[in-house]
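Sequence positions in the sequence shown follow our numbering and run 12 to 88.
Heads up: the structure comes next, in structure tokens.
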Amino acid sequence: FAIFPIVFAFGADPAGGPGLFFVSMPIAFSQMGALGVWVGGAFFLLALFAAFTSSISLMEVGVAWLEEREGVTRPGA
12 FAIFPIVFAF
22 GADPAGGPGL
32 FFVSMPIAFS
42 QMGALGVWVG
52 GAFFLLALFA
62 AFTSSISLME
72 VGVAWLEERE
82 GVTRPGA
């Protein structure tokens, strides 16, 4: 929700799609000066962590298949 005000404030194209996140947030962090480097770095590291932990649920399909079809236990899968 915070991306669109940044986009409109700096005159970027709001039809950028998901990539807009990687365009508008660095602009906002650059306006913070030296602190923006640290805040921006922490922000994108946390975004990476959120993406990684969300992708773990994608493995559930393969694990369930191994459990049902091959008889593998969950720790072994």
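All C-beta atoms in this analysis are idealised placements derived from N, C-alpha and C, irrespective of residue type, glycine included.
For residue i, the three-state DSSP class (helix, strand or coil)
i	result
residue 34	helix
residue 83	coil
residue 39	helix
residue 25	coil
residue 58	helix
residue 13	coil
residue 44	coil
Distance CB(residue i)-CB(residue j) smaller than 8 Å
i	j	result
residue 33	residue 25	no
residue 6	residue 51	The chain is shown from 12 up to 88; residue 6 falls before or after that span and cannot be answered.
residue 79	residue 85	no
residue 38	residue 17	yes
Proximity test, residue i beta-carbon vs the ligand SAH heavy atom, cut-off 7 Å
i	result
residue 15	Among the ligands in the structure shown, none appear at all, so the ligand SAH cannot be discussed.
Cβ neighbour criterion (16 or more within 10 Å) applied to residue i
i	result
residue 35	buried
CB contact below 8 Å: residue i versus chain C
i	result
residue 74	No chain C is present in this structure, which holds just one protein chain.
Same chain, Cβ closer than 6 Å to residue i, neighbours up to 5 away in sequence not counted
i	result
residue 21	38
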